[in-house]
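Since the structure comes first, as structure tokens, the remarks are kept for the end.
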Amino acid sequence: MLHRSALIAQGVHPRRLASDEFTAVLPGWHTPTAHPATLREICRVALAEQWPTAVISHDTAAILWGFPLPSRMRWRRGRQIHLRFVNGRRRRAAAHTVMHQGWSRGSVELEGLPVSHAFGTLWEIAPDLTDTEMLALLWRLEQEDVGPALQQMRPARWVSRDLRTLRLPPESRVRGLCETMHSMRFLHRQRGRYAGRDPLELLYGDVDLALSNPAAVGQAPEAAA
32 MLHRSALIAQ
42 GVHPRRLASD
52 EFTAVLPGWH
62 TPTAHPATLR
72 EICRVALAEQ
82 WPTAVISHDT
92 AAILWGFPLP
102 SRMRWRRGRQ
112 IHLRFVNGRR
122 RRAAAHTVMH
132 QGWSRGSVEL
142 EGLPVSHAFG
152 TLWEIAPDLT
162 DTEMLALLWR
172 LEQEDVGPAL
182 QQMRPARWVS
192 RDLRTLRLPP
202 ESRVRGLCET
212 MHSMRFLHRQ
222 RGRYAGRDPL
232 ELLYGDVDLA
242 LSNPAAVGQA
252 PEAAA
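In the working numbering, the protein residues as written are 32 to 256.
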């Protein structure tokens with residue numbers, strides 16, 4: 032992954048940069064299409080070279096955390112990265128990026144990259160998830176070891192309980208879904224006493240929610256798709 036000027040200095044003709052041989056990933060930055068930069072590499076360059084005060088947020092943060100996400104939200108070449116700015120003037124949108132401004136619950140460092148806290152990321156992506164997808168995601172985070180996100184959310188035992196009680200901007204839908212999770216856990220605990228189906232079977236059916244494997248994100252963009 033190199034800047035346009037560096038590639039031209041190496042003898043790459045501008046027409047080659049405009050061809051399918053290269054893919055633009057940030058304003059002025061290109062990666063070979065056959066051997067594309069990873070999502071983490073793109074984020075590192077974005078912060079180091081262009082927006083040093085930004086924090087990785089929303090879908091991009093969710094992928095780096097390893098959240099199980101619907102296919103439409105998983106990383107693939109050509110997707111935009113999401114950046115959040117807490118202070119200062121409003122940034123204009125740039126190619127290959129989505130700029131967010133304003134409130135934040137805070138950020139943490141994940142493998143050298145500043146990203147939205149795992150709880151904050153859940154709030155950021157909630158509007159893009161259906162109720163069923165959000166419940167399935169919460170269930171996976173509570174019941175299974177799905178990656179580094181749990182290292183930030185635990186030792187708290189229940190993600191939905193702590194998400195509900197955080198001092199975050201009011202979002203009645205998310206709080207309502209967290210209440211539903213409490214009912215799901217009760218059904219899950221009672222499954223051995225009463226005949227019935229697992230609450231997941233009752234809830235999500237064929238919901239498409241696959242793990243965004245952080246290891247795959249570190250290899251190639253398509254690997255996390």
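Each residue gets a CB set at the ideal place from its N, CA and C atoms; glycine is no exception.
Uninterrupted alpha helix (DSSP H) stretches inside the region 117-166 (no shorter than 4 residues): 149-156
Rounded Cβ spacing between L144 and L95 (contact assumed at less than 8 Å): Residue numbering aside, residue 144 sits at position 113 when the sequence shown is read from its first letter. Residue numbering aside, residue 95 sits at position 64 when the sequence shown is read from its first letter. Right, the Cβ-Cβ distance comes to about 7 Å (below 8 Å), so this counts as a contact.
Beta strand (DSSP E) segment containing W60, residue limits: Against the sequence shown, residue 60 aligns to sequence position 29. Counting along the chain, the beta strand (DSSP E) containing W60 begins and ends at W60 to P63.
Limits of the beta strand (DSSP E) - the one that A55 falls within: The residue you call residue 55 lines up with position 24 of the sequence shown. That run of the beta strand (DSSP E) goes F53 to L57.
Burial state of R110, where buried means 16 or more other Cβ atoms lie within 10 Å: One-based indexing of the sequence shown puts residue 110 at position 79. Flag for R110 reads buried.
Where the alpha helix (DSSP H) containing E72 begins and where it ends: Counted from its first residue, the sequence shown places residue 72 at position 41. L70 to V76 is the span of the alpha helix (DSSP H), which, as asked, contains E72.
Stretch-stretch touch, CB-based, cutoff 8 Å, three pairs: the region 33-40 with the region 53-66: yes
Neighbourhood of G133 by C-beta, 6 Å cutoff - its chain only, sequence neighbours within 5 removed: Locating residue 133 in the sequence shown gives position 102, counting from the first residue. Nothing meets the Cβ criterion.
Presumed contact (8 Å Cβ cut-off) between L114 and W82, rounded CB distance: The count along the sequence shown starts at 1 and reaches residue 114 at position 83. The count along the sequence shown starts at 1 and reaches residue 82 at position 51. Sure, about 6 Å apart at Cβ, within 8 Å.
Under the three-state DSSP convention, the category R47 falls into: Translated into positions along the sequence shown, residue 47 becomes position 16. Three-state result, R47: helix.
Residues bridged to V86 (per DSSP): Stepping through the sequence shown from its first residue, residue 86 is reached at position 55. DSSP output for V86 lists R115 as bridge partner(s).
Sub-8 Å separation of H89 and H127 beta-carbons: Residue 89 sits at position 58 when you count from the first residue of the sequence shown. Residue 127 sits at position 96 when you count from the first residue of the sequence shown. Not closer than 8 Å, so no.
Length of the line joining the Cα atoms of P45 and R107: Walking along the sequence shown from the start, residue 45 turns up at place 14. Walking along the sequence shown from the start, residue 107 turns up at place 76. Here the C-alpha atom of P45 lies approximately 25 Å from the C-alpha atom of R107.
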